[in-house]
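My numbering numbers the first residue of the sequence shown as 1086 and each following residue consecutively.
Ideal placement from N, C-alpha and C gives every residue a C-beta, glycine not left out.
No experiment lies behind these values; they were computed from the predicted model shown.
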Amino acid sequence: MSEQSRSPRKPGKPYRRPQKDPVRMLAFEALRAVDERDAYANLVLPPLLRRAREKEGPDKFDGRDAALATELVYGTLRWQGTYDAVIAECVDRPLREVDPPVLDVLSLGAHQLLGTRIPTHAAVSASVDLARVVLGDGRAKFVNAVLRKIAQHDLDGWLERVAPPYDDDPEDHLAVVHSHPRWVVSALWDSLGGGRAGIEDLLEADNERPEVTLVARPGRATTEELLREEAAVAGRWSPYAVRLSEGGEPGAVDAVREGRAGVQDEGSQLVALALANAPVEGSDKAWLDGCAGPGGKAALLAALAAERGAVLLASEKQPHRAGLVAKALHGNPGPYQVIAADGTRPPWRPGAFDRVLMDVPCTGLGALRRRPEARWRRRPEDLEGFAPLQRALLRTALESVRVGGVVGYATCSPHLAETRAVVDDVLKQYGDAADLIDARPLLEGVPALGEGPDVQLWPHLHGTDAMYLALIRRVA
């Protein structure tokens, strides 16, 4: 038994007071924020990392520490379902009876043991030290006992024990092995159209760390400028995209700090570009982003509109999100307007726009790589809550575009209930007044776009979020 894991109550064995490990303390704080406040890790981590650097100093909390803390948080959240199944095999009570802070420490320890190259003794002792600091000696003993059981097998060994055989229950097998809720596995499988290889590739891609992708906003920055950054490589599909390889920090890029470039997934860029490049009949001067927050697509659309002498109106219901949109558009080379308005009760007149984008609120199942906690937070019943709003916003978009103009309906979800079901239902109401446009030719060079006319992007096929796009022309 290591010195660090010995109990102070045993005579003759020295007890070292546990040290506060800033990396694991930070990871624990982040997990507690995600659990207690429904916070998102990508919003919680940056201020915690800044605070740690300020408190500990760069000599005691460096880039490697920040990278480890980030991996511990995101890795634990991604693999929560698998680790819960493993932990459940090692405790003598239902997991719901384990205090959430204790479960967070156990999950952090499980990730170090099963998901990293941290040596077993170091993973256990560091986790027990963390438990002593944040939970107390009594529960630290419980943590020690559970983690030593977990350490008896590697991840593959545990999966053989806790995952049902694929032939007996394919969805539950995939849910445990790839750490997704069963209902999400089922929904993604339906959207893909069947086949084991495709769903496993997608679930694996959801658990990979996504690259940071930048967008060079036209008229304000160029990809050539961004590619001069040390960790930068060209995007795969968008002419405005630049990817930062592992370790690249967007906040260190001058163009990003100045707002001339932004952080934007390449799938999001492709949606905006497809709408901007879709053929329209007649004038092309007035564009609308009807659900513009937080502003990534709006900033790209506004820049593209400015190049053509068009004007973008960016509308967002929530005032604080409208403020984010205004910040993203600040400095745009041409005129634009940002308003706070309810897209289901628009203040603009019908038929006022040549192009309309409605990137509607959704479950976000297409961005599980970036927001892994969302897979555990969402429930099937959430679909029922979004459905009326999604349909109402698409109807608004079709009423807002003039005859001959184009609407783009987009979601960051591949769930059929949020994509084709919405489009099909609304188009039935319009009959011959609206037609689907084949969006695939507008994503030039992008492979595996399906049978059309709508487009579904996938992390495992395109390296993007699972963005959906349907383009609709108003014909009467």
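| query | Can you check whether the CB of residue 1351 is closer than 8 Å to the CB of residue 1298? | reply | yes
| request: Mind listing, in chain order, the continuous beta strand (DSSP E) runs of no fewer than 3 residues lying wholly within the segment 1348-1385? | output: 1371-1374
| request: Would you mind working out which of 1316, 1135 and 1384 sits nearest residue 1415, comparing C-alpha positions? | output: 1384
| Just the Cα atoms here: how many angstroms apart are residue 1097 and residue 1342? | Its pLDDT being 44, under 50, residue 1097 is placed unreliably in this model, and the value from its coordinates should be taken loosely. Approximately 58 Å, taken between the alpha carbons.
| said: Mapping the DSSP letters down to three states, classify residue 1043 as helix, strand or coil. | reply: The displayed coordinates of the chain run from 1086 to 1561. Any statement about residue 1043 would go beyond what the structure contains.
| task | Measure the beta-carbon distance from residue 1425 to residue 1446 and round it to whole angstroms, keeping in mind my assumption that it falls under 8 Å. | result | Actually they do not touch by this definition, with Cβ atoms about 15 Å apart.
| Smallest Cα separation from residue 1123: which of 1162, 1229 and 1107? | 1162
| field | Three-state secondary structure (DSSP) of residue 1097 | value | Bear in mind that the predicted position of residue 1097 carries a pLDDT of just 44, short of 50, making it too unreliable to give a figure here.
| field | Identified DSSP bridge partners for residue 1299 | value | 1327 and 1348
| Excluding sequence positions up to five away, which residues of its chain have a Cβ less than 6 Å from the Cβ of residue 1150? | 1108
| Where residue 1375 and residue 1555 are concerned, what is the direct C-alpha to C-alpha distance, given to the nearest angstrom? | 15 Å
| query | Buried or exposed: which applies to residue 1282, given that a residue is buried once 16 or more other Cβ atoms fall within 10 Å of its Cβ? | reply | exposed
| request: In the DSSP assignment, find the beta strand (DSSP E) that holds residue 1458 and state where it starts and stops. | output: Neither: residue 1458 is in no beta strand (DSSP E) and is coded neither H nor E.
| said: Suppose you measure from the CA of residue 1155 to the CA of residue 1437; what does that come to, to the nearest Å? | reply: 46 Å
| said: Comparing C-alpha positions only, which one of 1536, 1541, 1490 and 1535 sits nearest to residue 1561? | reply: 1490
| query | Are the C-beta of residue 1461 and some C-beta of chain B separated by less than 8 Å? | reply | Reference to chain B is not applicable here, since this structure consists of a single protein chain.
| Terminal residues of the continuous alpha helix (DSSP H) containing residue 1284? | 1281-1291
| field | Neighbourhood of residue 1276 by C-beta distance below 6 Å, restricted to the same chain and skipping five residues each side | value | 1499 and 1501
| request: Return the first residue and the last residue of the alpha helix (DSSP H) that residue 1487 is part of. | output: It is not in any alpha helix (DSSP H) - residue 1487 instead sits in the beta strand (DSSP E) that spans 1486-1496.
| task | Measure the beta-carbon distance from residue 1209 to residue 1232 and round it to whole angstroms, keeping in mind my assumption that it falls under 8 Å. | result | 5 Å
| field | Which listed residue (1534, 1224, 1463 and 1485) has its alpha carbon closest to that of residue 1372 | value | 1485
| query | Which residues in the same chain have their Cβ closer than 6 Å to the Cβ of residue 1087, if we skip the five residues on either side of it in sequence? | reply | With a pLDDT of only 37 at residue 1087, under the threshold of 50, the placement of this residue in the model should not be trusted, and no figure is reported.
| request: Using three-state DSSP, classify residue 1343 as helix, strand or coil. | output: coil
| task | Specify the secondary structure class of residue 1469 as computed by DSSP and reduced to three states. | result | helix
| Nearest-angstrom Cα separation, counted from residue 1313 out to residue 1300 | 14 Å
| task | Taking all protein chains shown into account, decide if residue 1382 is buried (16 or more other Cβ within 10 angstroms of its Cβ) or exposed. | result | buried
| Contact check, residue 1269 vs residue 1171, beta carbons under 8 Å | no
| said: Using only the alpha-carbon positions, how far apart do residue 1431 and residue 1482 sit? | reply: 10 Å
| In terms of residues, what are the limits of the beta strand (DSSP E) holding residue 1401? | 1396-1401
| query | Shortest alpha-carbon distance to residue 1423 belongs to which of 1397, 1361 and 1444? | reply | 1397
| message | Taking its Cβ as the centre, do 16 or more other Cβ atoms sit within 10 Å of residue 1230, making it buried, or is it exposed? | response | exposed
| N-terminal and C-terminal residue of the beta strand (DSSP E) that residue 1233 is part of | Unbroken run through residue 1233 is the alpha helix (DSSP H), 1222-1235; no beta strand (DSSP E).
| message | Please tell me whether residue 1507 and residue 1476 are closer than 8 Å, where the distance is taken between their beta carbons. | response | yes
| Residue of 1492, 1181, 1110 and 1347 minimising C-alpha distance to residue 1193 | 1110
| Of the listed residues 1395, 1520 and 1516, nearest to residue 1559 (C-alpha basis) | 1520
| message | If I follow the unbroken alpha helix (DSSP H) through residue 1115, where does it start and stop? | response | 1107-1122
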